[in-house]
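Worksheet for the structure shown next.
Chains as they are written, first to last, in the numbering used here: chain A, 11 to 649; chain B, 7 to 214.
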């Protein structure tokens, strides 16, 4: 039945191959017969060796991981618009991989019986499928069985291609080729390359590549003064272009570049200069394919033009994190690098949001990360906690300015959501009018919290006082920090409330020193490492550092190290706190990566005896620390 | 049967063995000429089946109804013009079709009371028995997912737009009956997921 929902489905599918090759009418009638399936995170869509379903799947929202169970290795990650589970249907064999929802996902199930006629009739659709499914990978241009699957063979073909070892995997190259004609001047070329943010431009004549100009050519030939800035491309280009066929493995590409000592390969349809260029492969692409390293990721981030492109980069940051943890690199260093990368993602989202606004920000502002992100302690997927402080403006522009920043914040919050930061359930986000204020308004707010320290005020100040500047003007945040210290100094009673707040976290162990676990809910029988172990340390560190008026250290481990320096007589305890905190954070991060969540809840039975002992040792330190603050701030007087 | 068991039975409408997944839900929305139960009429009913987390597009229901009463002021919301070209059944026939589709499924809507009352008034007018189906309301269920905190102010009313924003559901077909039903269905699935995270939940608990 043709209806509103089928339109909606068709509207989505038309953006992705092979559906993009279908005409509107076919696409709509196909859409009418689709089912929409909701899968919770970790739900299995099909298991290895399962009999095939009568439909294949397209990811509409979320992500689906394809795995081989005996290796437990993720072979492929399907994103929005990606197809999976089709090859076994065509080959009429059982599923050879397992498909699991990597996050909460919505899938479109397309019955093969409905789809097959289109695949047989429409040559472009058929071609795409052959290219995509002849091997195990989704990536086209990777197959070795190119011509076997088409036409009559379709449906009878049984292929048993093995999964490639990594180096032999097909390389992903940039399909957006930047080109110009031989008569373009060097100056225009430089402009084009700057605008498109590329390091090389292809010179084409009647669609065929005849030469290439790279950054290096411009430097060596133009900037040196050897040629005028108005020289045409023809004169300065490197020729002939070294071309390769598009089916290239990572290793082949690497070898080719080394052999000719070049940084760019031109890929053409048949590998010779006599056919159309289909892509450009840069050293950068090879580096990216070879693995994740912070420099490459930062570069990829800078190149991202849409929020959507940042999400895969974040996934790679998580892979990097996993790698670091496996290599046992010190937690302090890991945390620094990963936080840096996560912040770069956020910064990029903010920059993109500013571009989306119709005008630049009217006054200076600062985007603050609050809570665990402010403390640089959150490396995993987590909720957003953020705020905006902007410069004071005169009453005339007050409303206008507020509206601007609220609108801007809404864009950023949505962008962050899209790259994997969930909305804060308590709406502590800059798009909430309460968390988007001018400097004076924030001062008023902070003053209110400090002078009226009820339970809520203390909690709010806990979250807010750990802020760090993600983007914008540091003079504003610095002024706010100074104001907080002054106000707290003038109201010493506030410490007492902070300390009693810090002592309220639930105890990690029971009377018999057994772990106390959650009684209820989805995390029943799991240990809440955040509330029972990490938070007591964080809260205590905050009170102590505030009492010493130490500015701009918000990381808990670093705070304890600073405290050890400031109070030599408690040095040992503080250092042990710092150590414990790092150990706990590592526990949490490992658990989070294992389950693709925040790692807050730990299934105790998965821990080894050694790990349990380690965990319990930190509890002793927590206890001592809590005693210290309760005595120092004389907490018994009010509780 | 002891009195205790009797009460217990009353409270549990469903066999505990029936899971949320197995239940056949009909998610529906109506477009009407206005909000007056007496005066206003239904222009369109859109409904879809949700079972096992699956929505089959073929198995969805969308009917535009021929009505004499028409209110120009609401046309800008639903976009249904009086002389809309699609051939439309009369109210009675449309309702019959809808009842067949509905069966004994559990109804889900956003602000369910409005849609169900509108449908019931129409049924009464046409001499048909009113709906006896169990109903769930995403506007109410959504509130149960919110954290209980003094730091967070709840709103009294959460619109379907609010839910779509929170759950990142495209608002493309907002204010078409079936489009809204689809948004409601996805929102419902996400709500159940959230409630499950908080506490194990079964079908009966959704009705509390």
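Even for Gly, the Cβ is constructed at its ideal location relative to N, Cα and C.
Please read these numbers as outputs of a predicted model, since none were measured by experiment.
Bridge partners of residue 37 of chain B according to DSSP: B:50.
Secondary structure note for residue 49 of chain A: its beta strand (DSSP E) is the uninterrupted segment 45 to 49. Assignment of residue 62 of chain A by DSSP, reduced to helix, strand and coil, places it in the coil class. Per DSSP, reduced to three states, the secondary structure at residue 423 of chain A is helical. The beta-carbon distance between residue 513 of chain A and residue 610 of chain A, rounded to whole angstroms, is 21 Å. This is too long to meet the 8 Å contact definition. Among the residues facing chain A, residue 179 of chain B is included, as its CB has a counterpart in that chain under 9 Å away.
For residue 463 of chain A, there is no enclosing beta strand (DSSP E), since its DSSP letter is neither H nor E. Between the beta-carbon of residue 227 of chain A and that of residue 241 of chain A there is about 11 Å, and that puts the pair past the 8 Å contact cut. Taking a cut-off of 8 Å for Cβ pairs, the stretch 39 to 56 of chain B and the stretch 197 to 210 of chain B do not touch, as fewer than three such pairs fall below it. Closer than 9 Å to the CB of residue 158 of chain B there is at least one CB belonging to chain A. Within the DSSP secondary-structure output, residue 289 of chain A pairs in a beta bridge with A:277. Taking C-beta atoms as the reference points, residue 393 of chain A and residue 432 of chain A count as a pair closer than 9 Å.
Taken atom to atom, the span from the alpha-carbon of residue 254 of chain A to that of residue 347 of chain A is near 37 Å. For residue 68 of chain B, the closest Cβ of chain A is nearer than 9 Å. A:504 is the residue among A:617, A:504, A:566 whose C-alpha sits nearest the C-alpha of residue 643 of chain A. In the three-state reduction of the DSSP assignment, residue 129 of chain A falls in the helix class. Assignment of residue 34 of chain A by DSSP, reduced to helix, strand and coil, places it in the helix class.
It is roughly 6 Å from the alpha-carbon of residue 67 of chain A to the alpha-carbon of residue 93 of chain A.
Under DSSP, residue 74 of chain B forms no beta bridge with any residue. When CB distances to chain A are screened at a threshold of 8 Å, the residues of the stretch 53 to 67 of chain B falling below it are 54, 59, 60, 61, 62, 63, 64, 66, in chain order. Taking the CA atoms as reference points, residue 136 of chain B sits about 34 Å from residue 41 of chain A.
Burial is judged here by how many other beta carbons sit within 10 angstroms of a residue's own beta carbon; residue 359 of chain A has at least 16 and is buried. Taking every protein chain shown into account, the CB of residue 77 of chain A has 16 or more other CB atoms within 10 angstroms, so this residue is buried. Interface flag for residue 34 of chain A against chain B is unset, since no Cβ pair is found closer than 9 Å. Put simply, the backbone Cα of residue 186 of chain B is about 8 Å away from that of residue 177 of chain B. Contact between the stretch 278 to 291 of chain A and the stretch 196 to 216 of chain A is present: 3 or more CB-CB pairs across the two stretches fall below 8 Å. When DSSP assignments are scanned along the stretch 435 to 487 of chain A, the uninterrupted stretches of beta strand (DSSP E) that are 3 or more residues long and fall wholly within it turn out to be 446 to 448, 478 to 482. Approximately 7 Å separates the beta-carbon atoms of residue 542 of chain A and residue 515 of chain A; this is inside 8 Å, confirming the contact. DSSP links residue 540 of chain A through a beta bridge to no other residue. Flagged as an interface residue toward chain A: residue 185 of chain B, by a C-beta distance shorter than 9 Å. Within a 10 Å sphere around the beta-carbon of residue 219 of chain A sit 16 or more other beta-carbons, which makes this residue buried. Counting only runs of 3 or more residues that sit fully inside the stretch 559 to 635 of chain A, no beta strand (DSSP E) segment turns up.
Excluding the 5 residues flanking it on each side, residue 47 of chain B has same chain C-beta neighbours closer than 6 Å at 39, 73, 75, in chain order. Judged by pairs of C-beta atoms under 8 Å, the stretch 325 to 336 of chain A does not touch the stretch 359 to 376 of chain A, as fewer than three such pairs exist. Per DSSP, the beta bridge partners of residue 115 of chain B are B:143. Excluding five sequence positions before and after residue 583 of chain A, the CB atoms of its chain that fall closer than 8 Å to its own CB belong to 631, 634, 635, 638, given in chain order.
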